[in-house]
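Heads up, the sequence shown is in UniProt numbering, so the first residue is 1 and it goes up one at a time. Below is one structure, written out as structure tokens; comments come after it.
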Amino acid sequence: MSDKAASQPIQTQFDFQERELYWQKRWEEKSVFEVPDVPPKGRPKYYVLEMFPYPSGQLHVGHVRNYALGDVVARYKRAQGFSVLHPMGWDAFGLPAENAARERGVHPGEWTMQNIAAMRKTLQRLGFSLDWSREIATCQPQYYGKQQKLFLDMLKAGLVERRDASVNWDPVDETVLANEQVVDGRGWRSGALIEKKTLSQWFLKISDYAEPLLEGLQKLDRWPDRVKIMQERWIGRSEGAKIRFALHNPPKGFDADQDSLEVFTTRPDTLFGMSFIGIAADHPLAAKLAHENPKLAEFIEECRRLGTSEEALNKAEKRGFDTGLTVANPFRPEQIVPVWIANFVLTEYGTGAIFGCPCGDQRDLDFARKYGLETPSILLPAGEDASFQLGNKAVTGEATLYNSGFLSGKNTQDAKKAAIERLEALGIGQKVTNWRLRDWGVSRQRYWGCPIPIIYCDDCGAVGVPEDQLPVTLPTDVTFDRPGNPLDHHPSWKHVSCPHCGKAARRETDTFDTFVDSSWYFARFTSPHSSAPTELDAANGWLAVDQYIGGIEHAILHLLYARFFTRAMHKTGHLNVDEPFNGLFTQGMVTHESYRDGQQWLYPEEVERRGEQIVRKDTGQAVTVGRSEKMSKSKRNTVSPVDIIEQYGADTARWFVLSDSPPERDMEWTAAGVTAAGRFMQRLYRLIASVAAQDKPDATHGKAGEDLRRATHRTIAAVTEALDGFSPNVAVARIHELTSALAEAEKTQADGLAAARREAALALAMLISPMMPHLAEELMNLLEPDGAMVAERPWPKAEKEWLAVNEVTLAVQVLGKLRGTITCPPDAPKEAVLAQAKAEPNVAKALEGKKIVKEIHVPNRIVNFVVAPK
Ligand code: ANZ
Ligand code: ZN
């Protein structure tokens, strides 16, 4: 082993600012991350996609984590020989751009494109292996024009409907709000009291696909269970019955049959326990009664103001209003029960009416107790006898029917069947399957969205825009100086002639819900420049996405809409698959502690640690430190990726977000963590630089060399396994270990180590590459200045012979008590092991003066000596 190396100057600092840009340029020059529209033959394809960002202006660290994770997958799969599609784009339509326009007078398009430019720059600075030739922004006519074509095809295929729908109308913003945007009856932005308004809206018939969307979940074995469960609940299949109740002694103006009401129930077995009927505030019967009854009308108004979302209703206090109407129990006609308006009954579920059975349903019980309605007991919980008393808890577990006529003595399952048979025989009910999933209303009264390609003609009705007139582009000369939709105010845009008859007609001025834009972008990425929405050979070649990565907040709507769109695109000939995403990974959030000085929140860069305290940099005052939680602007507990990259470089930021915790969990962003990652980067650089500066080695010999080789190959195997299992944090930990082993070997300078060191160094350069791709190139360049780039090299293979376990550690006990450990080759012969065990000094001491009565040997694990006094 030559010592020349020691005297050679070695560079000790990785100049990341300069070198990261250098390697990015090299990748770009060679277009290493670009792939053709049709996946090349002879290599397996792999499509990795992260949820594309909304261009809000700045990338946040949550994005960095998301895209760093995706990049690990993309780079790793490329090295493994896959042809990898890894594109990026922008979910560029949406309300914030319009708000910016109203508040700052900047055009939404300009605002959006500026934000995109800034965020693209940050993404590029992070060195992600993206195919930028495929970049799309949903606000560009090249994209949304194709979406209009998809919509028209869906219209022809019967997947679209125009319907009146009751909406939450914000009279100040002059717009429709989603249920979630109505808070305590007021608009979330304007604070205005929300009105119910009936508007004609476009709906996509996702409910036609309720069953396939539910069934399809079963095949998604690389999706998190909790996401599948959430989707299952959202689709909400319920088996039950519809039962019609005729009005008993209908009051004047009402007809027993015409004004009959229908309920949906999953528990027809509990009819004997019914004590009231509950109808929604928006039920037609309620509306009819309201004409005559101002008090009731007022109650209905109040209910509406409370918000109509399911969540709001579940939380709200139970409220009711006795309508004075009554019905008879079909199984016991002498029992007459009142009809109440109840605020917990949803208009849009089932039939908007229920029969209330207090003993079997908690909401019904709470309601009955509050209004003094009867609470007949008909369900005997398992293990109870007839002395059972119904308390404040409804019986929802296993039970036997009693006080229930022909159903008494039956369990729930059998009673349901018998009840449905009876209802069907009576001709007043039938078995039904009910779905929670509603059709998807896609009309929005907004400017910054994809125009819905429809023209209204007084004679011809709603007519699709002819294909040769697509795209219907947004006019740019709009103003935001008054509320409402600028498309509606525009002097000329909406005035067109009817494509059928040529008469003066009007354009639809609503635009699509932006969830439509993100429902098919993954397909567009496969042929982003095509004049059609997709090219079949490209789309079918690349889809489904093999690995999709994003936040759990999209577990329901986005993923469900994308699954629906894929099916709809299949039906209309734009795709050949039904499921868009074979694998789904939902990463955790990035959290940070918060700092507060009195009422004032402080940004992390405004404070510093002094001894045990966190103080304001400007005043030196100690601040209150809050727990680490989701970063938010309001608490100023955010860090800017741009600043981080400036200070530490891209690789450090990437390494840190990947190293700290399992990616599905939340991770805490700390200054100390980033610094440690930066230090590791420099340490590794110095170490490899030192190895590279040494003479070309001869063959490895001796134990130290063999140990290092073993460590290298085990690390290759472990990192490979970790990355296959989506655990970059485990990969990082293993890389740390090998780095330490190499540093040790570098220090000892023992004979026969040089080749093993070089091998370890080369392996490290490859193994870090999915996480720290720039440093990887730099290290490889030190080791093999004339060799290929890491980005073009195959993933290292662990050699079997170095993976074998060469020693095992056994515990040695005397009378079951641990006395020492011994190390020997695996599966060593029993005699040898026992001899070695007895020779272990501590064990030998424990055996002194004793007689061994039994020797127990569990191979490779334990030796136990049972002894007795001599
Ligand atoms: C009588 C009954 C007795 C019920 C009993 C439950 C327990 P899922 O499983 O979600 O489908 N329901 C029906 N329509 C409703 C609406 N529009 N708003 C609020 N609640 C409604 O739930 C079905 C059950 O929820 C139905 O079965 C009905 O109450 C109630 F011991 O009918 B049940
Ligand atoms: Zn016409």
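In this text, a Cβ means the ideal position worked out from N, Cα and C, and glycines have one as well. Because the structure is a prediction, the values reported are computed rather than measured.
Annotated three-state conformation of Asn66 is helix, per DSSP. Annotation for Tyr143: the continuous alpha helix (DSSP H) segment containing it runs 141-156. Under the DSSP definition of a beta bridge, Phe299 lacks any partner. Per DSSP, reduced to three states, the secondary structure at Arg654 is helical. Counting of Cβ neighbours within 10 angstroms places Phe581 among the buried residues, the total reaching 16 or more. Closest in C-alpha terms to Thr400, from the list Lys393, Lys845, Ser387, Ala415, comes Ala415. Around the C-beta of His291, fewer than 16 other C-beta atoms lie within 10 Å, and the residue is accordingly described as exposed. Taken through DSSP and simplified to helix, strand or coil, Lys431 comes out as strand. Measuring C-alpha to C-alpha distances from His500 to each of Thr514, Gly464, Ala523 identifies Gly464 as the nearest. Taking 8 Å as the upper bound for CB-CB distance, Ser31 and Asp71 are not in contact here, some 17 Å apart.
By alpha-carbon distance to Asp597, the top candidate from Phe564, Asp618, Asp724, Glu612 is Asp618.
Note on the region 475-531: whole alpha helix (DSSP H) runs with a minimum of 4 residues are 486-489, 514-517, 521-524, in chain order. Ranked by Cα distance from Glu553, the options Arg134, Leu767, Val227 are led by Val227. Boundaries for Arg714: no beta strand (DSSP E) harbours it, while the alpha helix (DSSP H) harbouring it runs 703-724, taken from the DSSP string. Remark: C-beta atoms of Phe14 and Gln682 approach each other more closely than 7 Å. Within its own chain, the residues whose Cβ lies closer than 7 Å to the Cβ of Gln613, once the five positions on either side in sequence are excluded, are Ala622, listed in chain order. In terms of side-chain proximity, the C-beta atom of Cys303 is found no nearer than 6 Å to any non-hydrogen atom of the ligand ZN. In this structure, the alpha-carbon of Ile862 lies about 28 Å from that of Arg734.
Pairing Leu762 with Leu783 gives a Cβ-Cβ distance under 7 Å. Ala246 has no beta-bridge partner at all, per DSSP. DSSP, reduced to helix, strand and coil, places Leu437 outside both helices and strands of the structure shown, so it counts as coil.
The bridge partners DSSP lists for Lys851 are Ala868. Of Thr572, Thr670, Pro641, the smallest CA-CA separation from Glu608 is found for Thr670. Excluding five sequence positions before and after Tyr54, the CB atoms of its chain that fall closer than 8 Å to its own CB belong to Trp90, Asp91, Ala92, Gly94, Pro96, given in chain order.
In this structure the region 789-797 lies against the region 69-84, because at least three pairs of beta carbons, one per stretch, are closer than 8 Å.
Following the DSSP letters along the chain, one finds Trp802 in no beta strand (DSSP E), marked with neither H nor E. Of the candidates Val432, His86, Gly145, Asp131, Gly145 places its Cα closest to the Cα of Asp468. For Ser200, the enclosing beta strand (DSSP E) stretches over residues 195-204. Of all alpha-carbon atoms in Thr479, Leu69, Asn729, the one lying nearest the alpha-carbon of Gly127 is that of Leu69. Secondary structure remark: continuous beta strand (DSSP E) runs of at least 3 residues inside the region 365-414, in chain order: 379-381, 399-401. The ligand ZN never approaches His495 closely enough for any of its heavy atoms to be under 6 Å from the residue's Cβ. Annotated three-state conformation of Phe565 is helix, per DSSP.
Listed in chain order, the non-local C-beta contacts of Asp37 below 7 Å within the same chain comprise Thr526, Ser527, Glu535, Ala538, local neighbours out to five positions each way being set aside. Going by beta carbons, Ile428 and Phe272 fall outside the 7 Å limit. Look at which beta carbons fall closer than 5 Å to any heavy atom of the ligand ANZ; those residues are Ser238, Phe264, Thr265, Thr266, Arg267, Thr270, Val345, Leu346, Tyr349, Gly350, Ile354, Cys357, Gly360, Asp361. If you ignore the 5 residues before and after Leu220, its C-beta comes within less than 7 Å of the C-beta of Lys228, Glu579, all in its own chain and listed in chain order.
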